[in-house]
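Undergrad: In the working numbering, the protein residues as written are 1 to 659.
Ideal Cβ placement from N, Cα and C applies to all residues, glycine included.
Only a predicted model underlies this, so the values are computations on that prediction, with no experimental measurement involved.
(1) How should residue 611 be labelled, buried or exposed, when 16 other C-beta atoms within 10 angstroms of its C-beta is the threshold for buried?
(2) Go ahead and pull the three-state DSSP assignment for residue 4.
(3) Taking 8 Å as the threshold, find out whether the stretch 195 to 203 comes into contact with the stretch 161 to 173 through three or more Cβ pairs.
(4) Confirm, please, whether the CB-CB distance from residue 386 to residue 349 is below 8 Å.
(5) Exposed or buried, residue 206, counting other C-beta atoms within 10 Å across all chains shown (16 or more means buried)?
(6) For the 8 Å Cβ check, are there 3 or more pairs between the stretch 387 to 395 and the stretch 419 to 426?
(7) Can you give me the Cβ contacts of residue 148 inside the same chain, cut-off strictly under 6 Å, excluding the 5 residues immediately before and after it?
(8) Got a sec? Which residues, its chain only, sit under 6 Å from residue 532 by beta carbon, not counting five neighbours each side?
(9) Could you give the distance in angstroms between the alpha-carbon of residue 28 and the alpha-carbon of residue 320?
(10) Quick one, are the C-beta atoms of residue 283 and residue 296 less than 8 Å apart?
(11) Return the chain-ordered list of same chain residues with a C-beta closer than 7 Å to the C-beta of residue 306, the five sequence neighbours on each side being excluded.
(12) Would you kindly check if the distance between the Cβ of residue 462 and the Cβ of residue 504 is under 8 Å?
(13) For residue 360 and residue 410, what's the separation of their Cα atoms in angstroms?
(14) Since residue 411 sits in a beta bridge, which residues does DSSP pair it with?
(15) With a threshold of 16 other CB atoms inside 10 Å of the CB of residue 575, please say whether the residue is buried or exposed.
(16) Taking only runs of the alpha helix (DSSP H) that begin and end inside the stretch 252 to 329, which ones reach a length of at least 4 residues, in chain order?
(17) Once you ignore the five residues that flank residue 600 on each side, which residues in its own chain have a CB closer than 6 Å to its CB?
(18) Classify residue 339: buried if its beta carbon has 16 or more other beta carbons within 10 angstroms, exposed otherwise.
(19) So, at 6 Å on beta carbons, what are the nonlocal neighbours of residue 173 in its own chain, with the 5 sequence-adjacent residues on each side left out?
(20) Residues bridged to residue 56 by DSSP?
(21) Per DSSP, residue 22 is paired with what?
(22) Between the Cα of residue 580 and the Cα atoms of 633, 528 and 563, which residue gives the shortest distance?
(23) Contact check, residue 204 vs residue 237 under 8 Å by CB: the rounded distance?
(24) Tell me, to the nearest whole angstrom, how far the beta carbon of residue 153 is from that of residue 61; I am working on the premise that it is less than 8 Å.
(25) Let me know the beta strand (DSSP E) ranges lying completely inside the stretch 552 to 620, each 3 residues or longer, listed in chain order.
(26) Could you tell me the alpha carbon to alpha carbon distance between residue 643 and residue 542, rounded to whole angstroms?
(27) Within a Cβ cutoff of 7 Å, which residues of the same chain sit near residue 578, ignoring the five residues on either side of it in sequence?
(28) Under DSSP, the alpha helix (DSSP H) around residue 486 begins and ends at which residues?
(29) Helix, strand or coil: how does DSSP classify residue 660 here?
(30) Select from 39, 274 and 1 the residue whose C-alpha is nearest the C-alpha of residue 304.
(31) Taking the C-alpha atoms as reference points, what is the distance between residue 259 and residue 326?
(32) Look up residue 535 in the DSSP assignment and say whether it is helix, strand or coil.
(33) How about residue 596 and residue 563: are their beta carbons less than 8 Å apart?
(34) What did DSSP end up calling residue 61 once you bin it into helix, strand or coil?
(35) Considering only residues of the same chain and omitting the five flanking positions on each side of residue 280, which have a CB-CB separation below 8 Å?
(36) Could you check the C-alpha separation between residue 71 and residue 65 for me, to the nearest Å?
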């Protein structure tokens, strides 16, 4: 039953005076029973009129109660809070009345009740009320029929269930109370633990009793171990339990439980949470900014669906998630994100945050092929920073920023079917010229915002080749090329655009696409040469220039250094100044770096372009002018190493005259 149905049934229950009984609200742990009871049912009960009267709710949790006295003590505490509330109301209004709206007699009794309660809660109960229990005293001050008593967490109560049910039954039958019990009934053991079970086991150990034959003795495995058992005079645990059950059968206890349950509980209502409604309510109660709440609310359907998939319907998990997601959204809003992908990335963060929260709280064990909500082509999770924050509270700003960038790339690579590029590439021959030109304007505008992944640049070029071939203006293609070149320059792209003839049916369209790619590659190559020359010169000016060189040649964290032109990208004087101003230790590290670029067992294609600069470095180092003997030797070894590099790549000895 949904919450609204349960409320209606409880309202009928409050009107029922035919016979006395309690109502059980049954539901899974964490399903929101308590939340529903405290926030919706309590309000509905207190607003409902029963004849001329209204009832108040006395809510008591049985969690951890070890005895009936503990339950009664919880009731006294709840009653004391009611007294305190009533007294404050009396003082506020400056008058007295015979009985207040909570059903507590307040005419002279109120002040004595408040003072006596302080003594009770201070541990003076026996001296103040030697003949009565605290609960009986509380009942003297409260009009029981004015209340609906709600006992929650029955399955988490450590009292004997028969005693608890007997106590509640007394309230229902003798005091005329309306009682609602809230529990996860399948977790309530119907196997009642008997009293004095230790003594029962002691009796079962008595060898003076002629015990009935134990059925396990008829089994072959028993006879194999009989001699050992007899020699040690020990019983198996199963036989011990068998003996105890023979003398003290559990069936009687279970029958007592069933009888009192049937007598006490007149109606069982199965609570089925309306998660969409509850989630929405919890979001509102967070107090987060409206834009944050709206972002979360967009994903309530996903949250509800994910709980179904994980079979984890626990509102505490939702509250845990809400405590985490606000921080991540606030951090996300500090980043510069293309408006076209902002909403998708926001939803991604919310969904991943909930996914990790639900798995963490449900002790989820992932199968080997399990991946997170989004994944790259290599199935590598993209949200490790979110996972770390959810599970441990550790937030790594750099990792989060990098992962968000990866998510943007992910969405860019998965272009929607309603994107102008998709509409043109797949269907332009079904459209009119005017419609195509409108889509072209949209596509170019997005391309100018760097809104497309570079992986589809070749397809865009093939599209422009086809459109230009049938007569579309060349200006469209030129704008496309300009946008692509700018985007590639901005990210310092080092590759080349390659056109594969396999994808073209017409030779002239293929050649046009190749000409587009050639123009782009020439521009990028020229840009890269200027960029590398400028950046390498900046590196050589640093005190940590050798470390900079290592990073420069291993861009992209590659393990091995590729064959690449390097020395000719800076002036010889830049190299000489960096080497000669350095310590012998730095010069030693530079030589190690130089061996990695030009190993003594490999020939490099880049040597021909680099040699002229290397030769000028060789001739510009004057080791003999250095006074420090260690540094002088280091400089001499640099000169020697350049000569060895020449020999390794040409097969000839280095001569002073050069090549």
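TA: Result, derived from the coordinates:
(1) Per the 10 Å Cβ criterion, buried.
(2) helix
(3) no
(4) Less than 8 Å divides the Cβ of residue 349 from the Cβ of residue 386.
(5) For residue 206, the number of other beta carbons within 10 angstroms of its own is below 16, and it is reported as exposed.
(6) no
(7) 45, 55, 57 and 178
(8) 569
(9) 18 Å
(10) In contact: residue 283 and residue 296 (Cβ atoms closer than 8 Å).
(11) 354, 355 and 358
(12) yes
(13) 25 Å
(14) According to DSSP, residue 411 bridges with nothing at all.
(15) Residue environment: residue 575 is assigned as buried (16 or more neighbouring CB atoms within 10 Å of its CB, all protein chains considered).
(16) DSSP runs (the alpha helix (DSSP H)) wholly in the stretch 252 to 329: 275 to 285, 290 to 297 and 300 to 310.
(17) 648
(18) exposed
(19) 20
(20) Beta-bridge pairing links residue 56 to 147.
(21) 179 and 265
(22) 633
(23) Actually they do not touch by this definition, with Cβ atoms about 11 Å apart.
(24) 5 Å
(25) None, since the stretch 552 to 620 contains no complete beta strand (DSSP E) of that length.
(26) 26 Å
(27) 540 and 545
(28) 474 to 490
(29) This structure does not reach residue 660, given that the chain is present from 1 up to 659, and the question cannot be answered.
(30) 274
(31) Spanning the two alpha carbons is a distance of roughly 51 Å.
(32) helix
(33) no
(34) Note: residue 61 maps to strand in three-state DSSP.
(35) 297 and 300
(36) 6 Å
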